[in-house]
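Q: The structure follows.
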Amino acid sequence: MPQSYLSIQGIRKTFGSFTALEPIHIEIPKNEFVCLLGPSGCGKTTLLRMIAGLETPDSGRMAVEGKDITSLPPAKRNVGFMFQSYALFPNLTVAQNVAYGLKEKKMSKPQMQSKVEEVLGMVDLLSSAKKYPAQLSGGQQQRVALARAIALSPDFLLLDEPLSALDAKVREKLRLEIRRLHEQLGMTTIMVTHDQEEALTMADTVVVMNNAKVIQSGAPEEIYERPNSRFVADFIGAVNFLEPMDGGDALAIRPEHVRLVLVQETGNYEAVVESLEFRGSFYRVTMKAQGPMSRYFPNGMMADVNRSIVKQYQLEKNRRVFFQLPEEHLIGFGANRRERLEVVG
Amino acid sequence: MRLAKWHTAMLLKRGNGSWFERIAMLLMLAGLCVMILLPLFSLFSKAVTDKQGEYNGLENFIDYFSTPALLSSLQHTVYVSALTAILSVVLGFLFAFALTRTNVPGKMFFKTVSLLMLFAPTMMLGIGLTYLFGNQGLVTTGFFDALPFHWDIGLYGPTGIVMAEVMYTFPQACLILVVSLSFADFNLYEAAKTMGAGKGRIFFTITLPNMKYGLISSFFVCFTLAFTDFGAPQVVGGSYNVLATEIYKQVIGQQNMGMGATVGIILTLPAILAFIVDRFITSRQHAISARAVPYRISPSRKRDGFFLAFCIASSGMILLLIGTVFAASVIKIWPYNLSLSLKHYDFSKVAGGSLQPFWTSLRMSAWTAVIGTAVTFAGAYLIEKTKTLPVLRQAGYFLSILPLALPGIVLGLSYIFFFNKASNPMHGIYGTIWILVLANIAHFYSVAFVTATSALKKLDREIETASDSLGVPRYKTLLRVTLPLCLPAVLEMAMYFFINSMVTVSAVMFLYAADLKLASVSIVNMEDAGDIAPAAAMSTLIVMTNIGVRLLYEAVTHQIKKRTQAWQTREQ
Chain X
1 MPQSYLSIQG IRKTFGSFTA LEPIHIEIPK NEFVCLLGPS GCGKTTLLRM
51 IAGLETPDSG RMAVEGKDIT SLPPAKRNVG FMFQSYALFP NLTVAQNVAY
101 GLKEKKMSKP QMQSKVEEVL GMVDLLSSAK KYPAQLSGGQ QQRVALARAI
151 ALSPDFLLLD EPLSALDAKV REKLRLEIRR LHEQLGMTTI MVTHDQEEAL
201 TMADTVVVMN NAKVIQSGAP EEIYERPNSR FVADFIGAVN FLEPMDGGDA
251 LAIRPEHVRL VLVQETGNYE AVVESLEFRG SFYRVTMKAQ GPMSRYFPNG
301 MMADVNRSIV KQYQLEKNRR VFFQLPEEHL IGFGANRRER LEVVG
Chain U
1001 MRLAKWHTAM LLKRGNGSWF ERIAMLLMLA GLCVMILLPL FSLFSKAVTD
1051 KQGEYNGLEN FIDYFSTPAL LSSLQHTVYV SALTAILSVV LGFLFAFALT
1101 RTNVPGKMFF KTVSLLMLFA PTMMLGIGLT YLFGNQGLVT TGFFDALPFH
1151 WDIGLYGPTG IVMAEVMYTF PQACLILVVS LSFADFNLYE AAKTMGAGKG
1201 RIFFTITLPN MKYGLISSFF VCFTLAFTDF GAPQVVGGSY NVLATEIYKQ
1251 VIGQQNMGMG ATVGIILTLP AILAFIVDRF ITSRQHAISA RAVPYRISPS
1301 RKRDGFFLAF CIASSGMILL LIGTVFAASV IKIWPYNLSL SLKHYDFSKV
1351 AGGSLQPFWT SLRMSAWTAV IGTAVTFAGA YLIEKTKTLP VLRQAGYFLS
1401 ILPLALPGIV LGLSYIFFFN KASNPMHGIY GTIWILVLAN IAHFYSVAFV
1451 TATSALKKLD REIETASDSL GVPRYKTLLR VTLPLCLPAV LEMAMYFFIN
1501 SMVTVSAVMF LYAADLKLAS VSIVNMEDAG DIAPAAAMST LIVMTNIGVR
1551 LLYEAVTHQI KKRTQAWQTR EQ
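In the order they appear, the protein sequences are chains X and U. Residues in the first sequence are numbered from 1 upward in steps of one, following the numbering used here. Residues in the second sequence are numbered from 1001 upward in steps of one, following the numbering used here.
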């Protein structure tokens, strides 16, 4: 476990009667790329604003390398903050926007100019230095905001849903760009998002939040393969649930791990195809379980299969099939999952 | 000839409205021409004729600019208006800032007080100032020698005019600036904070640039209002002549219509400039991003303390002024006999004559409200909602916005020239209450038109299409859906027409007939004749009436809101 750089200890925040954050504990190592992931209203943006100093916690403590920063104003924290709306100054040019924070530092004109050129070069916008934000595309504005945030060489780059306003193509490109800048500049980056794909592809560590609490944090693979709760399993990626009849914890399995066969074997479940959805590189087959076992799958079963299987099995609506749930891919919550498996089998 | 025919055919052919809509559109255009364009044309032609009615080119203008006495009125007006505009914008900005960016307590109260001025005729401000700072004024005489010092500010002249005009234009500046201050993206402020910018830098790089257009536009509005106002300079101007009083002298005093028209055209110049600037600004103003976050006021006792003091001082001045006029109207003989009496409300012995002017004003304002609202709404509906005759629709839009650039005096003057011609088939309305109603509708048309247009714009564009597809005639949809949805705007328009018709003097002072004297005009006459207390009484009646109408409007609007909540609230 790498050493903690930013330490968040029992931070709590309420707005009137609304609790935005229950006491939160997170340790973030230096140079990590952390994504705060969760549905809207889960407190992730409040936490990010707290780290920036834009919000004061009701209680708790924040420290960087052991030094308390809880009551430092934003200007003294050395953070670069990028807003969801970009918050570019409409009356200033791109270069002036980037230089806005530099002017607060005692810096000579040529120094400032070379810094502006340097960061604009990093985001490939040197040629637009004299333009105003309104003259740029959404993706370009986003890059200006990014350049402005990194111009002060911050210790922390804080990003509040930076990509949510962009269309899919630009978004993908900027994901790589942000990740590249993060590595190049050696910052600790914390990004808020509600897009699980974004979190999984970009982060070193994903912190999943819900209802003002941290539910799980870990590497993307860990979060995806071993979600610790029904909420995390459901929120990240597609998932099927096996509902136990005794009201205990459910089991879950990802659709890509569900296997389809045409003949009945032990451990198979009978089902009828309800729909076929073309997803590009694969098909998602939605089935309705048949027979006495169907009560374990009240919400049906999804399986992702490739094109050749669809052809070979002649899958179509109302086709009778069997599905298998490979044991090694079953996700258990709470109690021992092997026991659960036996109950179902 | 054939080309003209072709053009007419094209004009009538384009678009795809019903015949009914086309005829309505043509009628509306004809109406706007009679109401605005033709009278203006008469004014322009009058400006290039001499006293005998012969064409004399630019003779009048040359005359004007070479007569020092006349030219001085222009210089005076520019000076007074510029000073007024600067002061009003600064004070209006501070007031608007207090209302939008601080935690000053009692915001509703301060806002209400600042709007009180909109209910008062400008003469009333002058009268109030006379009672406070005039020769027998409360302050001038040191509270009737109760205080050890006297303080004569030299009210009559530019001082008094600027004071009155600032009080008159301040609420207008405040209204504009409150709107432009409330469009802010709080994220910009936070971004600046994370980059270490201080309060001063944030103010000059974010707050001010963001409200740039609001400041420019409020400056022009205040300048134009002060430039064309007649009431205040008439009461406290003394011998300091301004354009508005000059026109009055030229037309009523010397019957010099040509020169009156010439001065009228000069009077219109800043308004036209303001009109162009405003158009330009509206086209430049970019919409605020949908992701913008509303401004969050940070706690600060020092700031709130300062602005509270400012709000108390400025509201206090307004209340003091209005209160003084109220008090003066019920005091027997100011300042010698301070016992209370209602004798000033008996107008039979003074220049006013009787209470008749007040009733006439009420009647005229009510008709203006009813007819004006109906006509304006219909006009806005035709322009906004029909697809008929696009070229004419553009023209109609322009004519509807044009009155914004026309000072009341100029409109009144144009109406004399146009309707008083014996050859005019509408000559019959001259000298009746209907010419007053028509002049008021024209005078206040634009603002009401904009209110109606923006209400209509908020409605779903497909309402008419939906009604077409259901086979329901448009007029039924207008009556059953569009009009009920716009009811709050319709009431606002009616109130606007009524209140402004009650206080206006500039457009109607050339047009009223001897037996149809108006309340606002009688204030001018009484004040002129030295019957200041009755003038105060009449002012009080007007303000009370307008406050009453406003309260009625609030009550009805409240009821409507309650009853229509179901389709006003939107599911989140």
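We put the beta carbon where it would ideally sit given N, CA and C, even for glycine.
Below 9 Å between beta carbons: does that hold for residue 1081/U and residue 1315/U?
A: Working through the second sequence from its first residue, we reach residue 1081/U at position 81. Working through the second sequence from its first residue, we reach residue 1315/U at position 315. No, Cβ-Cβ distance for residue 1081/U and residue 1315/U is not below 9 Å.
Q: By Cβ distance below 8 Å, which residues in the same chain neighbour residue 1033/U in space, the five residues on each side in sequence not counted?
A: As a first step, residue 1033/U is located in the second sequence; it is residue number 33 there, counting from the start. For residue 1033/U, where only same-chain residues beyond five positions count, the Cβ hits under 8 Å are 1399.
Q: Just to confirm before moving on: does the CB-CB distance between residue 1147/U and residue 1130/U stay below 9 Å?
A: The residue given as residue 1147/U occupies position 147 in the second sequence. The residue given as residue 1130/U occupies position 130 in the second sequence. Cβ atoms of residue 1147/U and residue 1130/U: not closer than 9 Å.
Q: Grab the span of the alpha helix (DSSP H) containing residue 1172/U for me, first residue to last.
A: Along the second sequence, read from residue 1 onward, the residue named residue 1172/U stands at position 172. Note, residue 1172/U: alpha helix (DSSP H), 1158-1182.
Q: Considering only DSSP beta bridges, list what residue 67/X is partnered with.
A: Counting from one through the first sequence, the residue named residue 67/X turns up at place 67. According to DSSP, residue 67/X bridges with 64/X.
Q: Let me know if residue 1392/U comes out buried or exposed under the rule of 16 or more other beta-carbons within 10 Å of its beta-carbon.
A: On the second sequence, residue 1392/U is found 392 positions in, with the first residue counted as 1. Its Cβ being crowded by 16 or more others within 10 Å, residue 1392/U is buried.
Q: Does the count of Cβ pairs from the segment 276-287 of chain X and the segment 295-304 of chain X closer than 8 Å reach three?
A: These segments touch.
Q: Would you verify that the beta carbon of residue 79/X is, or is not, closer than 9 Å to some beta carbon of chain U?
A: Here residue 79/X refers to the residue found at position 79 of the first sequence. At least one chain U Cβ lies under 9 Å of residue 79/X.
Q: Closer than 9 Å by beta-carbon distance: list the chain X residues that pair up with residue 1209/U, in chain order.
A: Taking the second sequence and counting its residues from 1, the one referred to as residue 1209/U is at position 209. Within chain X, the residues near residue 1209/U are 89, 90, 91, 92.
Q: Between the segment 168-178 of chain X and the segment 10-23 of chain X, can you find at least three pairs of beta-carbon atoms closer than 8 Å?
A: Flag = no, the segment 10-23 of chain X and the segment 168-178 of chain X do not touch.
Q: Could you pull the DSSP bridge partners for residue 331/X from this structure?
A: On the first sequence, position 331 is the one that residue 331/X refers to. BP columns for residue 331/X point to 252/X.
Q: Would a C-beta distance cut-off of 9 Å place residue 1372/U and residue 1494/U closer than the cut-off?
A: Reading the second sequence from its first residue, position 372 is the one you call residue 1372/U. Reading the second sequence from its first residue, position 494 is the one you call residue 1494/U. A contact, by the Cβ cut-off of 9 Å.
Q: When you check each C-beta in the segment 129-147 of chain X against every C-beta of chain U, which residues fall closer than 7 Å?
A: Under the 7 Å Cβ criterion, the segment 129-147 of chain X contributes 134.
Q: Checking contacts by CB at 9 Å: is residue 341/X closer than that to chain U?
A: Stepping through the first sequence from its first residue, residue 341/X is reached at position 341. Only weak support exists for where residue 341/X lies, its pLDDT of 44 falling under 50; the value from the coordinates is given anyway. So no, residue 341/X is outside the interface.
Q: Whose Cβ in chain X lies nearer than 8 Å to the Cβ of residue 1578/U?
A: Given a span of 1001 to 1572 for chain U in the structure shown, any question on residue 1578/U remains unanswerable.
Q: Go ahead and pull the three-state DSSP assignment for residue 160/X.
A: The residue you call residue 160/X lines up with position 160 of the first sequence. Here residue 160/X sits in strand by DSSP.
Q: Taking DSSP's pairing of strands, which residues face residue 284/X in a bridge?
A: What you label residue 284/X is simply residue 284 of the first sequence in a count that begins at 1. The partner list for residue 284/X (beta bridge, DSSP) reads 277/X, 304/X.
Q: Quick one, which of 78/X, 50/X, 58/X, 136/X has its alpha-carbon nearest residue 16/X's?
A: As a first step, residue 16/X is located in the first sequence; it is residue number 16 there, counting from the start. The residue with the shortest Cα to Cα distance from residue 16/X is 58/X.
Q: Between residue 153/X and chain B, is any beta-carbon pair separated by less than 9 Å?
A: Absent from the structure is chain B; the protein chains it does hold are X and U.
Q: Taking all protein chains shown into account, do 16 or more other C-beta atoms lie within 10 angstroms of the C-beta of residue 345/X, making it buried, or fewer, making it exposed?
A: On the first sequence, residue 345/X is found 345 positions in, with the first residue counted as 1. With a pLDDT of 36 at residue 345/X, under the threshold of 50, the modelled position of that residue is not reliable, and no figure is offered here.
Q: Between the segment 253-287 of chain X and chain U, which residues of the former have a C-beta closer than 8 Å to a C-beta of the latter?
A: Those residues of the segment 253-287 of chain X that come within reach of chain U (Cβ to Cβ, closer than 8 Å) do not exist; the list is empty.
Q: For the segment 58-86 of chain X, enumerate the residues whose C-beta is nearer than 7 Å to any C-beta of chain U, in chain order.
A: Per Cβ criterion, the list reads 74, 75, 79, 81, 83, 84, 85.
Q: So is residue 1188/U in contact with chain X if we call contact Cβ pairs under 9 Å?
A: Counting from one through the second sequence, the residue named residue 1188/U turns up at place 188. It does: the Cβ of residue 1188/U has a partner Cβ on chain X nearer than 9 Å.
Q: To the nearest angstrom, how far is the alpha carbon of residue 1012/U from that of residue 196/X?
A: As a first step, residue 1012/U must be located in the second sequence, where it is residue number 12. As a first step, residue 196/X must be located in the first sequence, where it is residue number 196. Note that residue 1012/U scores 49 on pLDDT, short of 50, meaning its location in the model is unreliable; the coordinates nonetheless yield the value given after this. Roughly 58 Å between the two C-alpha positions.
Q: Can you name the residues of chain X whose CB is closer than 7 Å to the CB of residue 1531/U?
A: Against the second sequence, residue 1531/U aligns to sequence position 531. Within chain X, no residue comes near residue 1531/U; the closest Cβ sits about 55 Å away, beyond 7 Å.
Q: With a threshold of 7 Å on Cβ separation, who are the neighbours of residue 1435/U within its own chain once the five nearest residues in sequence on each side are excluded?
A: Here the question's residue 1435/U lines up with position 435 in the second sequence. These residues qualify, in order along the chain: 1415, 1419, 1429, 1511.
Q: Name, going along the chain, the residues of the segment 230-249 of chain X whose beta-carbon falls closer than 9 Å to a beta-carbon of chain U.
A: Flagged: no residues at all.
Q: Have a look at residue 1269/U and residue 1403/U and give me their C-alpha separation to the nearest angstrom.
A: Residue mapping note: residue 1269/U aligns to position 269 of the second sequence, counting from 1. Residue mapping note: residue 1403/U aligns to position 403 of the second sequence, counting from 1. Distance between the alpha carbons of residue 1269/U and residue 1403/U is about 13 Å.
Q: Give me the residue from 20/X, 112/X, 246/X with the minimum Cα distance to residue 151/X.
A: Counting from one through the first sequence, the residue named residue 151/X turns up at place 151. Nearest C-alpha to residue 151/X: 112/X.
Q: What are the start and end residues of the beta strand (DSSP E) that includes residue 20/X?
A: Residue numbering aside, residue 20/X sits at position 20 when the first sequence is read from its first letter. Residue 20/X -> beta strand (DSSP E) spans 18-29.
Q: Under three-state DSSP, which class holds residue 1253/U?
A: As a working note, residue 1253/U is residue 253 in the second sequence. Three-state DSSP puts residue 1253/U in a helix.
Q: Taking its Cβ as the centre, do 16 or more other Cβ atoms sit within 10 Å of residue 1252/U, making it buried, or is it exposed?
A: In the second sequence, counting from the first residue as 1, residue 1252/U sits at position 252. Exposed, because fewer than 16 other Cβ atoms sit within 10 Å of the Cβ of residue 1252/U.
Q: Residues of the segment 95-118 of chain X with a CB closer than 7 Å to any CB of chain U: list them in chain order, please.
A: Listed in sequence order: 100, 101, 104.
Q: For the alpha helix (DSSP H) that contains residue 205/X, what are its first and last residues?
A: Indexing the first sequence from 1 puts residue 205/X at position 205. First-last for residue 205/X: 205-210, but that is the beta strand (DSSP E), not the alpha helix (DSSP H).
Q: Alpha carbon to alpha carbon, how far is residue 1501/U from residue 1546/U?
A: The residue given as residue 1501/U occupies position 501 in the second sequence. The residue given as residue 1546/U occupies position 546 in the second sequence. Computed Cα separation, rounded: 10 Å.
Q: Which whole-angstrom value describes the C-beta separation of residue 1506/U and residue 1241/U, a residue pair presumed to lie in contact below a C-beta threshold of 8 Å?
A: Locating residue 1506/U in the second sequence gives position 506, where the first residue counts as 1. Locating residue 1241/U in the second sequence gives position 241, where the first residue counts as 1. Their Cβ separation, rounded to whole angstroms, is 16 Å, which puts residue 1506/U and residue 1241/U out of contact at 8 Å.
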